[in-house]
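Participant: Handing you a structure now.
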Amino acid sequence: MTRSQIHAGIAFGTIAILAAVALFAPAVPPASAEAQASRICREQGVTSTIAGYDYCLMQAERAIEWGEPEIARAYARVTAESREACQSYGLDPTTGGYRNCFDRETKARSLLVFSDEKLKFGPQIARPN
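Shown next as structure tokens:
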């Protein structure tokens, strides 16, 4: 056997072993809706230390479960923009006034999200009995 044949045999054997490992390795489960929603919120600058994180996470997670990642991103933007608006009014995030402002801002901005969306009716709206 020549050196080239030995090297070819080693290369072929390595490829066969890697293929077997890939074939029998367990599949990586997809990220949960909560993990995806958390990532989307963080991408928009909404972290767990910021007021409004729970709202962002809840809305984004629901949109992910419905198979609407773009709406999840829109809700994350709504949260970030609402937070910025309330802070620009000089409200402290620990006050009730901030919470009222945040609620009003998110409701108004959420309406804008859906005004731009083409309506799709699916199983999340009504399920046959």
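Numbering (the numbering used here), first residue to last: -6 to 122.
We put the CB at the ideal spot given by N, CA and C, even for glycine.
Going by the beta-carbon positions, is the gap between Ala67 and Val14 smaller than 7 Å?
Facilitator: no
Participant: Using the three-state DSSP reduction, which class does Ala9 fall into: helix, strand or coil?
Facilitator: For Ala9, the secondary structure class from DSSP, reduced to helix, strand or coil, is helix.
Participant: Three or more C-beta pairs closer than 8 Å, one from the stretch 68 to 78 and one from the stretch 93 to 103: is that the case here?
Facilitator: yes
Participant: Indicate whether Ala26 and Ile64 have their beta-carbon atoms separated by less than 7 Å.
Facilitator: no
Participant: Given Arg120, which residues of its chain have a CB within under 8 Å of its CB, disregarding the five upstream and five downstream residues?
Facilitator: The pLDDT assigned to Arg120 is 49, lower than 50, so where the model puts this residue is not dependable; a value taken from the coordinates is nonetheless given after this. Hits under 8 Å: none found.
Participant: Straight-line CA distance for Ala24 to Thr72?
Facilitator: 22 Å
Participant: How big is the Cα-Cα spacing for Ser81 and Ala44?
Facilitator: 14 Å
Participant: Quick one, are the C-beta atoms of Ala12 and Ile33 less than 7 Å apart?
Facilitator: no
Participant: Less than 8 Å between the CB atoms is what I'm expecting for Leu84 and Cys94, so what's the real figure, rounded?
Facilitator: The C-beta distance from Leu84 to Cys94 rounds to 6 Å, short enough to meet the 8 Å contact threshold.
Participant: May I ask you to report which of helix, strand or coil DSSP gives Arg120?
Facilitator: Reliability of the predicted coordinates at Arg120 is poor, the pLDDT of 49 falling under 50, and the value obtained from them is presented with this limitation in mind. Coil.
Participant: Tell me whether Ser103 sits in a helix, a strand or coil according to DSSP, three-state version.
Facilitator: helix
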